[in-house]
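Asks:
Number of protein chains: 2
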Amino acid sequence: MTAWVQVELKKTVLDPQGKAIQAALAKLGYQGVAELRQAKMFEIQLQPGLDRAEAQRQVERAAREVLTNPVIEEYSIRWEE
Amino acid sequence: MTAWVQVELKKTVLDPQGKAIQAALAKLGYQGVAELRQAKMFEIQLQPGLDRAEAQRQVERAAREVLTNPVIEEYSIRWEE
Chain A
11 MTAWVQVELK KTVLDPQGKA IQAALAKLGY QGVAELRQAK MFEIQLQPGL
61 DRAEAQRQVE RAAREVLTNP VIEEYSIRWE E
Chain B
11 MTAWVQVELK KTVLDPQGKA IQAALAKLGY QGVAELRQAK MFEIQLQPGL
61 DRAEAQRQVE RAAREVLTNP VIEEYSIRWE E
């Protein structure tokens with residue numbers, strides 16, 4: 011079982027790294043790019059045989075309490091068997 | 011139109027940042043986590059009205075030539091209308 015936790019800056023928070031890449035792409039001639047924002051992704055492999063509900067509980071809690079800074083970031087979780 | 015470009019280290023490349031987070035989670039009691047790897051995600055908004063084929067061409071090229079270091083990383087692209 012694998013969980014993909016995506017952590018991104020809240021839409022109201024400025025993303026200077028994304029803006030820098032966006033400016034670089036514009037300078038290189040990529041005219042089609044209107045906006046670029048960078049996010050973090052964590053691929054979490056769970057222990058084999060772990061109970062599904064327990065896995066969800068641990069990943070949800072790790073995302074909320076360890077991987078995300080709730081002041082400026084938000085997270086979403088996607089599961090893969 | 012939005013493209014999500016995920017850039018991750020090749021499976022054969024060590025991910026020290028992921029390992030550090032994995033060790034921190036283990037220390038905090040998250041026993042369910044078997045492995046954790048960190049990846050980058052770029053959310054790219056395309057100019058409105060841009061031709062679909064041209065958008066794909068630009069994002070594919072940006073992913074290959076700007077966002078990814080082909081020596082140690084690989085990318086995948088997901089599209090959203």
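From first to last, the protein sequence lines stand for chains A and B. Count along the first sequence from 1, then add 10; that gives the number in the working numbering. Count along the second sequence from 1, then add 10; that gives the number in the working numbering. For glycine and all other residues, C-beta sits at the position ideal for the given N, C-alpha and C. Predicted model only: the values in this text are computed from it and were never measured.
With hydrogens ignored, establish whether the beta-carbon of K20 (chain B) is closer than 6 Å to any heavy atom of the ligand ZN.
Replies: Although the ligand ZN was asked about, the structure shown includes no ligands whatsoever.
Asks: What is the DSSP secondary structure of Q55 (chain B), reduced to helix, strand or coil?
Replies: Strand, per DSSP.
Asks: Under 6 Å Cβ to Cβ from S86 (chain B), same chain only, skipping five residues before and after it: list those, please.
Replies: For S86 (chain B), where only same-chain residues beyond five positions count, the Cβ hits under 6 Å are Q16.
Asks: Check Q41 (chain B) in the structure and name its three-state DSSP category.
Replies: Correct three-state label for Q41 (chain B): coil.
Asks: What's the C-alpha gap between M51 (chain B) and R47 (chain A)?
Replies: Cα to Cα, the separation comes out at about 8 Å.
Asks: Would you say the stretch 33–41 of chain B touches the stretch 69–81 of chain B, given that touching needs at least three Cβ pairs under 8 Å?
Replies: Contact fails: fewer than three Cβ-Cβ distances are below 8 Å.
Asks: Could you say which of A:E45, A:G59, A:L77 and A:R74 lies nearest to D25 (chain A) if we only look at CA atoms?
Replies: Nearest C-alpha to D25 (chain A): A:E45.
Asks: Report yes or no: is there a C-beta of chain A within less than 7 Å of the C-beta of E45 (chain B)?
Replies: True, the Cβ-Cβ gap to chain A drops below 7 Å.
Asks: On a Cα-Cα basis, can you pick out the residue from B:A49, B:A36 and B:A34 that is closest to K21 (chain B)?
Replies: Comparing Cα positions, the closest option is B:A49.
Asks: For K29 (chain A) and G59 (chain A), what's the separation of their Cα atoms in angstroms?
Replies: K29 (chain A) and G59 (chain A): Cα-Cα distance of roughly 43 Å.
Asks: What's the call for A13 (chain A), buried or exposed, on a 16-neighbour Cβ count within 10 Å?
Replies: Buried, by the Cβ-count rule.
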